[in-house]
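Those protein sequences? They're chains H and P, same order as listed.
When the count follows my numbering, it moves up by one through the first sequence with no breaks and lands on 181 for the last residue.
When the count follows my numbering, it moves up by one through the second sequence with no breaks and lands on 712 for the last residue.
Step one of this worksheet: look at the structure below.
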Amino acid sequence: MMKINDYNNYDVLNLYVKRNKLEDIIKKYEIFGWQLEKQEDNKDYEDIVEVAFVRPHKIKNKDDLQLLQVYMEERLNKVGQIERSKNAKTTSLALIFGLLGMALLVLGSLDLIFKFFNIWASGDIIFLVLGLILVFTGSFIVPKIYKKEKVDFDAKISVLELEIENICERAKFLMGGKNGK
Amino acid sequence: MENNNFSVTPKVPVIKARQNDKIYAVKVRTEGNGLGVLKTIIVLSLIALQFLVFAFAQMYFLQIFKGYIIVSFAISLLTCIYVLASDYHGQAKATWVLFLLLCSSFGYIFYFLSDKHILFSLSKRKYKRIDEETHKVQKQNDIQHLSKEVKNNCDYLFNAGGFATHLKSKCKYFSSGAQFYDSVLKDLKTAKQFIFIEYYIVSNGVLLKRFLDVLKQKVKEGVDVRIIYDDMGSHGTLKSKTKKEITKAGIKLHGFNKMLPIFNIALNLRDHRKIVVIDGKIAYTGGTNLADEYVNEKLMHGYWKDSGIKIKGKATDNFTIAFLGQWRFLTNEEINYDTYINKAEDEAKVDGVVTPFVSGPNYDFSISQNIYANEISHAKEKLYIMTPYFIPDETIKNLIINKARAGVDVRIILPHVADKKFVYIVSRNNAEKLLEFGVKVYTMTSSFVHSKVVLTENSAIVGSINMDLRSFYQQFESAVFTNEVSVLKDINKDFEKTIKYSKQINEKNMRRRKLSYRMLAGLFNLISPFM
Chain H
1 MMKINDYNNY DVLNLYVKRN KLEDIIKKYE IFGWQLEKQE DNKDYEDIVE VAFVRPHKIK
61 NKDDLQLLQV YMEERLNKVG QIERSKNAKT TSLALIFGLL GMALLVLGSL DLIFKFFNIW
121 ASGDIIFLVL GLILVFTGSF IVPKIYKKEK VDFDAKISVL ELEIENICER AKFLMGGKNG
181 K
Chain P
182 MENNNFSVTP KVPVIKARQN DKIYAVKVRT EGNGLGVLKT IIVLSLIALQ FLVFAFAQMY
242 FLQIFKGYII VSFAISLLTC IYVLASDYHG QAKATWVLFL LLCSSFGYIF YFLSDKHILF
302 SLSKRKYKRI DEETHKVQKQ NDIQHLSKEV KNNCDYLFNA GGFATHLKSK CKYFSSGAQF
362 YDSVLKDLKT AKQFIFIEYY IVSNGVLLKR FLDVLKQKVK EGVDVRIIYD DMGSHGTLKS
422 KTKKEITKAG IKLHGFNKML PIFNIALNLR DHRKIVVIDG KIAYTGGTNL ADEYVNEKLM
482 HGYWKDSGIK IKGKATDNFT IAFLGQWRFL TNEEINYDTY INKAEDEAKV DGVVTPFVSG
542 PNYDFSISQN IYANEISHAK EKLYIMTPYF IPDETIKNLI INKARAGVDV RIILPHVADK
602 KFVYIVSRNN AEKLLEFGVK VYTMTSSFVH SKVVLTENSA IVGSINMDLR SFYQQFESAV
662 FTNEVSVLKD INKDFEKTIK YSKQINEKNM RRRKLSYRML AGLFNLISPF M
């Protein structure tokens, strides 16, 4: 009988894993005693791989390992979440500054040529100046925020990665590995 | 779990349409059963339809009889008096009176539909007859030598429900569902005469497959196998196909209190017990249901922390009788209790007494609430509580406060992850209110604590009883009271270990709470008797 169907002797764990993290995640789960049994591409998403692990049903320190695994999964997911949101703030800021600035520049230029804003004589100049200010401020502020955010995100990710490392070390110990009995 | 972006999430094998959410949107939850959801929607819709019929009837009455407002108000006032004179606990009375006064034109209809004294009276009479039979079967042992505190609880359990205390039985505590079920499955394989199983939730999955493999084999060997499951607890989780498979295999299966789409008291009275009896020699109870999440083979709310207890010896009889009583209620079968009890030998090397007991709305008073109150009141050094829900009544709350004020080391462990958000808000809020009196409150990180354990320096109670009003007043529960030294040590170890994995809540956390959260908690607390 295939291990995956032998539910009396083996536990099964099915995961969806991001393709770029597959290798790392398989290694991490192996620390918890899971062995890769099946791996196939997700039919709907190119960057997702479906994997199935098996582990003997009776292992030492199973409850502690299970809890640690939840801790690890939470952190892995948190890292993924941070990585995805890394540029979100700066991108939206760049879009706001850029689009608004460009809009004002276009408006100012059109007004300069066609004079369709007769209410205010120097409206075209003001639009152009405001547009230039926004574009220049944006090009100055956005990279600074990006750099600061990158440092913050990288620091957060490093902390999480360190925690994951500690969790894995503890799991190794419980599995009777490197630092274990 | 939050809806964030996960790089890795457990795979959901059930509904293809929801898989997309799981990959990117992140739920570690793996439950999901289209049929279950559909059934719930149908039941809720039919209940809503019932409410609509009531509403139209009200409007019709108002049109043809203008004085209906005065008449309905008079009925509501009389109902209020009836409620105040009833034996409901204070909080339930207050909530009902408020509801009746606010909704005077129709509130009394809802009250009478959910009054256990009316709609549950026939069933209660039937239970009474069964209880009379079962009480006769049990005989109390000589417990004069026990300490005053322990004897007190044993006396209470015998006088209230006829649950004998056993001197020569042994217990073993399990600090997780996985350990618990490995032991249950191992013992099931040894069954020669009968296996009785009573669970709130029986769910399709790997654990049930493991159970059925053993049970089918046992039926072939001539063992009498019976299962009771709660119809609401197991709705949507135990598939009809599996029910057919179970009965086809020769296993006797009965659903408790079939879920009907009518708003009445029956919706609330559930069989929350978790009992396994093997040959009248071994029995199990605890917090775990027969479902994969309880053994962490399916992730729902982070790590699932649960506990259970095994009884070996004559104490098993208490659960055998309780199961047979419930079976008799459901099937009307005549039962000769003597053929199922006194099967176990006395255990050697015993270091305490064991009293398995059950409780439920069939009794005139809440055995579960009273035994918890007694246990708490006896604590002089320590009082440790582990519960998924913390919605105690005033009596329990005041006892806990008084103990903390008297210098008893009071610790409460709650989940960090909620399974029902509304209930969690109320539970957390109730526990946080005790901080100022010196109670230490912990939440087990990234975990859902489902254990129901109360430990003092004298004894412990392990079972299915949550520290909430539903468990106290509306549900059928099972638990074990024991003062076995080795068991108390194991439970203590479990508390210490769980606390290591927990975060202590302090008053700062409480002060940081937003006004909206506090208001929400207050509102939910008001309706907590019905949660």
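The beta carbon of each residue, even a glycine, is placed where N, CA and C say it ideally should be.
Computed from a predicted model, the values in this text were never measured in an experiment.
Could you work out which residues of chain P lie near residue i, taking near to mean beta carbons separated by less than 8 angstroms?
i, result
"VAL142 of chain H", "Near VAL142 of chain H there are no residues of chain P at all, since even the closest Cβ is about 23 angstroms away, more than 8 angstroms."
Would you mind stating whether residue i and residue j have Cβ atoms separated by less than 7 angstroms?
i, j, result
"THR637 of chain P", "LYS684 of chain P", "no"
"SER488 of chain P", "SER356 of chain P", "yes"
"VAL794 of chain P", "TYR241 of chain P", "No answer is possible for residue 794 of chain P: it lies beyond the span of chain P, which begins at 182 and ends at 712."
"ASN438 of chain P", "ASP412 of chain P", "yes"
"VAL591 of chain P", "LEU616 of chain P", "no"
"HIS453 of chain P", "GLN656 of chain P", "yes"
"THR315 of chain P", "ILE502 of chain P", "yes"
"VAL666 of chain P", "ILE490 of chain P", "no"
"ILE463 of chain P", "LYS493 of chain P", "yes"
"VAL607 of chain P", "SER540 of chain P", "no"
"ILE324 of chain P", "LYS317 of chain P", "no"
"PRO596 of chain P", "VAL622 of chain P", "no"
"ALA560 of chain P", "LYS578 of chain P", "no"
"PHE603 of chain P", "PHE500 of chain P", "no"
"GLU658 of chain P", "SER549 of chain P", "yes"
"LEU13 of chain H", "LYS78 of chain H", "no"
"TYR308 of chain P", "ASN543 of chain P", "yes"
Whose CA, out of the options, lies closest to the CA of residue i?
i, options, result
"ALA341 of chain P", "P:PHE538, P:ILE577, P:ILE708, P:ILE459", "P:PHE538"
"ARG19 of chain H", "H:ASP47, H:ASP6, H:LEU76, H:TYR29", "H:ASP47"
"PHE287 of chain P", "P:SER304, P:ILE256, P:ARG306", "P:ILE256"
"GLU379 of chain P", "P:GLY468, P:ILE299, P:GLN360, P:LYS420", "P:GLY468"
"MET648 of chain P", "P:GLU658, P:GLN655, P:LYS633", "P:LYS633"
"GLY358 of chain P", "P:ASN664, P:ALA702, P:ALA273, P:GLY644", "P:GLY644"
"TYR570 of chain P", "P:ALA641, P:ALA496, P:SER652", "P:SER652"
"VAL387 of chain P", "P:ASP363, P:VAL404, P:PHE377, P:ILE490", "P:ASP363"
"ASN611 of chain P", "P:MET691, P:LYS695, P:PHE504", "P:MET691"
"GLU514 of chain P", "P:GLU613, P:LEU505, P:ASN543, P:LEU259", "P:LEU505"
"VAL535 of chain P", "P:ILE548, P:THR512, P:ASP498", "P:ASP498"
"ILE376 of chain P", "P:GLY619, P:VAL404, P:ALA525", "P:VAL404"
"PHE618 of chain P", "P:VAL604, P:ILE593, P:THR512", "P:ILE593"
"VAL589 of chain P", "P:ASP600, P:ILE557, P:THR568", "P:ILE557"
"GLU169 of chain H", "H:TYR71, H:VAL49, H:LEU15", "H:TYR71"
"LYS524 of chain P", "P:ASN639, P:LYS425, P:VAL458", "P:VAL458"
"ASP154 of chain H", "H:ILE164, H:GLY123, H:LYS86, H:SER109", "H:LYS86"
"ARG407 of chain P", "P:LEU225, P:MET567, P:ILE432, P:VAL264", "P:ILE432"
"LEU76 of chain H", "H:LEU95, H:PHE127, H:GLU163, H:LYS172", "H:GLU163"
"PHE339 of chain P", "P:GLN360, P:ASP296, P:ASN551", "P:ASN551"
"GLY533 of chain P", "P:ASP312, P:SER328, P:TYR292, P:LEU282", "P:SER328"
Under 7 angstroms between beta-carbons, which chain H residues line up against residue i? List them in chain order, please.
i, result
"TYR484 of chain P", "GLN66, LEU67, VAL70"
"GLU677 of chain P", "Per Cβ cutoff of 7 angstroms: no residues; GLU677 of chain P is ~14 angstroms from chain H at best."
"VAL387 of chain P", "TYR7"
"GLU478 of chain P", "ASP11"
"LYS390 of chain P", "TYR7"
Which residues in chain H sit within 8 angstroms of residue i, going by Cβ to Cβ distance?
i, result
"ALA359 of chain P", "LYS62, ASP63, GLN66"
"TYR682 of chain P", "LEU67"
"SER364 of chain P", "Neighbours of SER364 of chain P on chain H: none; closest Cβ ~12 angstroms, over 8 angstroms."
"LYS399 of chain P", "Here the premise fails: no neighbours, minimum Cβ distance about 15 angstroms."
In chain H, what lies closer than 9 angstroms to residue i by C-beta?
i, result
"ASP394 of chain P", "TYR7, ASN8"
"ASN322 of chain P", "Neighbours of ASN322 of chain P on chain H: none; closest Cβ ~36 angstroms, over 9 angstroms."
"SER628 of chain P", "LEU67, VAL70"
For residue i, return the contacting residues in chain C, with the cut-off set at a CB-CB distance below 9 angstroms.
i, result
"GLU688 of chain P", "In summary, chain C is missing from the structure at hand, where the protein chains are H and P."
What residues in the region 4–30 of chain H have a beta carbon less than 8 angstroms from any beta carbon of chain P?
Residues passing the 8 angstroms Cβ filter: TYR7, ASN8, ASP11, VAL12, LEU13, ASN14, LEU15, TYR16, VAL17, LYS18, LYS21, ILE25.
Can you list, in chain order, the residues of the region 71–85 of chain H whose Cβ is nearer than 7 angstroms to any Cβ on chain P?
Those would be TYR71, GLU73, GLU74, LEU76, ASN77, VAL79, GLY80, GLN81, ARG84, in chain order.
Is the region 389–397 of chain P in contact with the region 361–372 of chain P, if contact means three or more CB pairs nearer than 8 angstroms?
Three or more Cβ pairs drawn from the region 389–397 of chain P and the region 361–372 of chain P lie within less than 8 angstroms of each other, which places the two stretches in contact.
Using a Cβ-Cβ cut-off of less than 8 angstroms, list which residues of the region 458–475 of chain P approach chain H; keep chain order.
For the region 458–475 of chain P, there are no residues whose beta carbon sits under 8 angstroms from a beta carbon of chain H.
Counting Cβ pairs, one atom from each stretch, are 3 or more of them under 8 angstroms apart for the region 349–368 of chain P and the region 518–534 of chain P?
By the Cβ rule, the region 349–368 of chain P counts as touching the region 518–534 of chain P, because three or more pairs are nearer than 8 angstroms.
Any C-beta of chain H within less than 8 angstroms: which residues of the region 550–567 of chain P qualify?
Of all residues in the region 550–567 of chain P, none has a Cβ within less than 8 angstroms of some Cβ in chain H.
So does the region 28–36 of chain H actually touch the region 58–75 of chain H, counting three or more Cβ pairs closer than 8 angstroms?
Using a Cβ-Cβ distance cut-off of 8 angstroms, the region 28–36 of chain H and the region 58–75 of chain H are in contact, since at least three pairs of beta carbons, one from each stretch, lie closer than that value.
When you compare the region 95–115 of chain H with the region 127–141 of chain H, are there three or more beta-carbon pairs, one atom per stretch, that lie closer than 8 angstroms?
As far as the Cβ criterion goes, the region 95–115 of chain H touches the region 127–141 of chain H, which means the pair count is three or higher.
Selection of the region 603–615 of chain P by Cβ proximity to chain H, strictly under 8 angstroms
Against chain H - using a Cβ distance shorter than 8 angstroms - the region 603–615 of chain P contributes no residues.
Quick one: any contact between the region 81–92 of chain H and the region 147–167 of chain H, if contact means 3 or more CB pairs under 8 angstroms?
Inter-segment contact for the region 81–92 of chain H and the region 147–167 of chain H is present: three or more beta-carbon pairs are separated by less than 8 angstroms.
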